[in-house]
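Asker: In the working numbering, the protein residues as written are 6 to 413. Using N, Cα and C, we set each Cβ at its ideal position, and we do this for glycine too.
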């Protein structure tokens with residue numbers, strides 16, 4: 006059966022999650038399928054940031070640490086994030102970049118297993134995870150073991166201290182079963198660190214039910230926190246008393262303003278904090294997360310699957326020259342679809358010129374992310390329509406696309 010734009014209109018009308026596009030500042034006529042790289046601006050954020058800058062900082066000055074609640078801002082943001090990852094509010098905090106947070110978390114996880122010598126990372130992981138894991142291995146005198154992404158648990162044995170995985174593969178969009186993989190790690194006595202950067206806000210995450218150990222995630226993709234917005238970290242309550250992270254800063258002290266020369270770690274996940282919190286960035290993130298108010302994670306997932314189902318079906322029907330790399334099974338699919346083509350970079354650039362924004366990942370992947378809060382089925386149809394036109398007209402072979410931009 007040929008799918009039509011009217012079919013897409015009907016799917017939007019029947020969606021379990023009506024579009025919240027009006028909450029986002031997206032250019033008219035743009036089909037933005039890059040929320041898996043950088044989420045769009047939530048309309049209320051500029052006013053919130055302006056208030057923080059002009060009133061809280063400008064007028065309140067140093068008193069705003071108390072009067073405006075800056076001191077507890079990271080905890081408030083963590084509490085907003087907690088339902089999206091299936092944990093208690095008190096066990097999440099926010100502050101450093103993803104890479105810095107991964108370093109702290111990998112070291113803390115490895116120190117829970119001091120008699121073990123191996124960190125396992127899947128070979129297809131996002132590069133920063135591999136870089137940081139390699140650095141931690143060198144720092145602690147451990148071995149870094151690369152796992153086959155098709156079956157990372159095959160690399161587990163009783164020498165493994167830490168298994169570090171991304172819930173959703175950044176290139177392919179493949180989804181791991183967090184509970185099953187965590188159980189396999191626990192069977193050999195290893196602890197898990199889950200990277201949730203490409204899942205939180207679009208894919209269900211239930212760290213508590215999965216009995217996971219640690220998780221780290223960025224906030225500028227599906228969470229729409231803005232470029233470079235701070236990462237979050239979760240530590241299972243059972244590990245918090247024994248936690249020993251390597252970067253001891255004053256904001257992670259039990260009593261920062263005691264100004265003690267001796268470091269006494271704060272209780273719970275607060276000890277994962279290092280320095281003075283980035284108030285402006287955290288305020289923007291806190292405001293961005295209001296877009297999720299009243300949204301059930303199950304509805305997010307249902308809408309995501311419906312969008313990606315339609316995209317895959319339309320590509321199969323109308324663009325047989327490209328390969329759908331992303332798993333077709335719902336249980337193995339995140340919220341993006343990756344297409345393989347030898348000229349993927351030019352295809353992405355030609356689509357952007359037509360107002361359909363995806364991105365490219367080397368060597369041959371065109372990625373399209375579907376954010377249920379603002380993407381629609383009609384946009385999916387229009388995106389594939391544009392893809393058909395680009396390929397039929399050879400627009401992707403324009404000389405301007407022969408060399409790559411710095412950010413692809």
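Where does residue 346 sit, in a helix, a strand or coil, going by DSSP?
Answerer: The residue given as residue 346 occupies position 341 in the chain shown. DSSP places residue 346 in coil when its eight states are reduced to three.
Asker: CB residue 345 to CB residue 180, shorter than 7 Å?
Answerer: Position 340 of the chain shown, counting from 1, holds the residue named residue 345. Position 175 of the chain shown, counting from 1, holds the residue named residue 180. In this structure, residue 180 does not lie closer than 7 Å to residue 345 by Cβ.
Asker: Please determine, among 118, 142, 82, the residue with the shortest C-alpha to C-alpha distance to residue 107.
Answerer: As a position in the chain shown, residue 107 is number 102, starting the count at 1. The shortest Cα separation from residue 107 among 118, 142, 82 belongs to 142.
Asker: Secondary structure at residue 182, three-state DSSP: helix, strand or coil?
Answerer: Mapped onto the chain shown, residue 182 falls at position 177. Coil.
Asker: Please classify residue 137 as buried or exposed, where buried requires at least 16 other C-beta atoms within 10 Å of its C-beta.
Answerer: Here residue 137 refers to the residue found at position 132 of the chain shown. Under this definition residue 137 is a buried residue.
Asker: Only counting the same chain, and skipping five residues up and downstream in sequence, which positions put a Cβ closer than 6 Å to that of residue 253?
Answerer: The residue given as residue 253 occupies position 248 in the chain shown. Taken in chain order, the residues that qualify are 268.
Asker: Are residue 208 and residue 165 close, meaning C-beta to C-beta below 7 Å?
Answerer: On the chain shown, position 203 is the one that residue 208 refers to. On the chain shown, position 160 is the one that residue 165 refers to. Cβ atoms of residue 208 and residue 165: not closer than 7 Å.
Asker: Based on the DSSP secondary-structure assignment, which residues constitute the bridge partners of residue 83?
Answerer: Walking along the chain shown from the start, residue 83 turns up at place 78. Note: residue 83 sits in no beta bridge, so no partner.
Asker: Quick one: grab the DSSP three-state call for residue 152.
Answerer: The residue you call residue 152 lines up with position 147 of the chain shown. Of the three classes helix, strand and coil, the one that applies to residue 152 here is strand, per DSSP.
Asker: Less than 7 Å separating the beta-carbons of residue 215 and residue 240?
Answerer: Sequence index remark: in the chain shown, residue 215 carries index 210 (1-based). Sequence index remark: in the chain shown, residue 240 carries index 235 (1-based). Contact flag unset, no.
Asker: Identify, in the order they occur along the chain, each residue of the same chain with its Cβ nearer than 7 Å to the Cβ of residue 383, setting aside the five sequence neighbours on each side.
Answerer: Residue numbering aside, residue 383 sits at position 378 when the chain shown is read from its first letter. Closer than 7 Å at Cβ, skipping near neighbours: 10, 13, 14, 17.
Asker: For residue 199, which beta-bridge partners are listed by DSSP?
Answerer: Numbered from its first residue, the chain shown carries residue 199 at position 194. 170, 220, per the DSSP bridge assignment.
Asker: Cβ of residue 370 within 6 Å of any heavy atom in the ligand ATP?
Answerer: This structure does not include the ligand ATP; it has no bound ligands of any sort.
Asker: Could you give the first and the last residue of the continuous beta strand (DSSP E) run that contains residue 54?
Answerer: To locate residue 54, count along the chain shown from 1; it is residue 49. First-last for residue 54: 50 to 56, but that is the alpha helix (DSSP H), not the beta strand (DSSP E).
Asker: DSSP on residue 232, reduced to helix/strand/coil?
Answerer: Here residue 232 refers to the residue found at position 227 of the chain shown. Residue 232 falls in the coil class under three-state DSSP.
Asker: Check this for me: beta carbons of residue 284 and residue 151, under 7 Å apart or not?
Answerer: Residue 284 sits at position 279 when you count from the first residue of the chain shown. Residue 151 sits at position 146 when you count from the first residue of the chain shown. Going by C-beta atoms, residue 284 is not nearer than 7 Å to residue 151.
Asker: Quick check: the segment 39 to 50 against the segment 269 to 281, are there 3 or more CB pairs under 8 Å?
Answerer: As far as the Cβ criterion goes, the segment 39 to 50 does not touch the segment 269 to 281, which means the pair count is below three.
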